[in-house]
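Numbering (my numbering), first residue to last: 15 to 409.
Some notes on the structure that comes next.
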Ligand SMILES: Cc1cc2nc3c(=O)[nH]c(=O)nc-3n(C[C@H](O)[C@H](O)[C@H](O)COP(=O)(O)OP(=O)(O)OC[C@H]3O[C@@H](n4cnc5c(N)ncnc54)[C@H](O)[C@@H]3O)c2cc1C
């Protein structure tokens, strides 16, 4: 019998996209989000064409596009002197990959998805509701959740864990030992700088990447260029508090200044223009053998947390959502549909996880390796660079 009711745990990008996809497959969705409100957390996100193509299918692209900037290019500069190493033109993105390349604030993306979800009768979002227990049975999946200090027990036909890096739902799928989040040795410092404090060049609709030994910086404008989003990634031993709020750690400003001391004047001016930095220690988890078990599946960071060096955290969560919707529309048997979802997604998501780690190593090269990297980048014109991303953006 076709599934009628689903729980989605978490109202991040993965959870909201999943709810949209399931509702299109004819499933009633109850999203449970432990936060009391969808607040202004996080900073900028890039949404590559592989994600925006799925958002179009989910009926959410127009709402998301309204809140986004459309970068005209991705440029890489040498951090020491701002020499241009490569430029990937994006004006052709929509024609080449069938969907736009966007950049927007995570909070704006979450709000846009929530507004689309709110308009669908089949989706109900409950805030302040924390899932504490999940049990999958032959005919249904049971949850225990807390809301306003009360414990509530409920059941549905399936449950999707979109509950992020430190997913509780993942515990139902993973063997436990050895599956804990592992620190990658990298910390991302994030800031948003009001436009009046930055150079005109930094407000251009471009994603700029600055590369140097053991560190890199990415910046691009957001919200109609009223702010500039800056992420500076360094190698550091600070692991954060290992809590769910590790996105928002207090930044060790001297560590940032030390890491970029020898960089170009313009890089140091950019970093100095940010008054408030938040630190985000980057964690990974081992690849799962399956994203599904019985009537439970995981999506997004719960399934495959990834370092942000390919800008694929949100994008892969959105791809998961699209694949889940398709699988559930094609078969009414829940365990079969979830197993099909896992089969479709696991190889690609794992490849993206690995490629993102590799990209980080390339960005942080030094000495002769960095010289070779820079020479290769210079040789690649925009067309050949675009072709290198076809496997990712064109899928
Ligand atoms: C606060 C925050 C800020 C971020 N900022 C950035 C950023 O600036 N740039 C960037 O590239 N990426 C950022 N990310 C990461 C990016 O959003 C994710 O990698 C990507 O969108 C995939 O997200 P997800 O939906 O799988 O998980 P998440 O975005 O982590 O969402 C998980 C959701 O599940 C909820 N949840 C967890 N456990 C439970 C439970 N037991 N019961 C109910 N709800 C639960 C959480 O409150 C959260 O809302 C941020 C993530 C968070 C949570």
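Heads up, the beta-carbon is just placed ideally off N, CA and C, and yes, glycines get one too.
Assigned exposure category for residue i - 16 Cβ within 10 Å defines buried
i: residue 206; result: buried
i: residue 390; result: exposed
i: residue 26; result: buried
i: residue 383; result: exposed
i: residue 259; result: Low per-residue confidence applies at residue 259: pLDDT is 49, beneath 50, and the placement is therefore not dependable, though the value from the model is reported in the following sentence. Counting Cβ neighbours within 10 Å, residue 259 comes out exposed, since fewer than 16 surround it.
i: residue 272; result: exposed
i: residue 402; result: exposed
i: residue 146; result: exposed
i: residue 393; result: exposed
CB-CB length for residue i against residue j, believed under 8 Å
i: residue 221; j: residue 88; result: 4 Å
i: residue 332; j: residue 68; result: 5 Å
i: residue 183; j: residue 173; result: 7 Å
i: residue 315; j: residue 178; result: 5 Å
i: residue 268; j: residue 297; result: No, residue 268 and residue 297 are not in contact; Cβ-Cβ is about 23 Å, not under 8 Å.
i: residue 77; j: residue 126; result: 4 Å
i: residue 104; j: residue 86; result: 6 Å
Residue i - containing alpha helix (DSSP H), residue span
i: residue 294; result: Residue 294 -> not in any alpha helix (DSSP H); beta strand (DSSP E) instead, spanning 292-298.
i: residue 377; result: 348-377
i: residue 186; result: Per DSSP, residue 186 belongs to no alpha helix (DSSP H) and is neither H nor E.
i: residue 268; result: 267-273
i: residue 78; result: 75-80
i: residue 234; result: Not the alpha helix (DSSP H): residue 234 falls in the beta strand (DSSP E), residues 229-236.
Residue i, enclosing beta strand (DSSP E) - first and last residue
i: residue 100; result: 98-103
i: residue 60; result: 58-61
i: residue 114; result: No beta strand (DSSP E) holds residue 114; DSSP gives it neither H nor E.
Best match in the options for proximity to residue i [C-alpha to C-alpha]
i: residue 387; options: 395, 377 and 396; result: 377
i: residue 355; options: 36, 300 and 23; result: 36
i: residue 46; options: 32, 59, 39 and 55; result: 32
i: residue 169; options: 137, 34 and 44; result: 44
i: residue 290; options: 59, 208 and 330; result: 208
i: residue 38; options: 343, 394 and 363; result: 343
i: residue 370; options: 214, 406 and 236; result: 406
i: residue 176; options: 122, 268 and 335; result: 335
i: residue 247; options: 62, 156 and 223; result: 223
i: residue 2; options: 22, 395, 80 and 278; result: With the chain represented from 15 up to 409, any question about residue 2 goes unanswered, as that position is not in the structure.
i: residue 285; options: 317, 245 and 323; result: 245
i: residue 150; options: 288, 307 and 346; result: 307
i: residue 144; options: 128, 137, 161 and 132; result: 161
i: residue 8; options: 49, 29 and 57; result: Since the displayed the chain opens at 15 and closes at 409, residue 8 lies outside it and no answer follows.
i: residue 64; options: 115, 397, 94 and 396; result: 115
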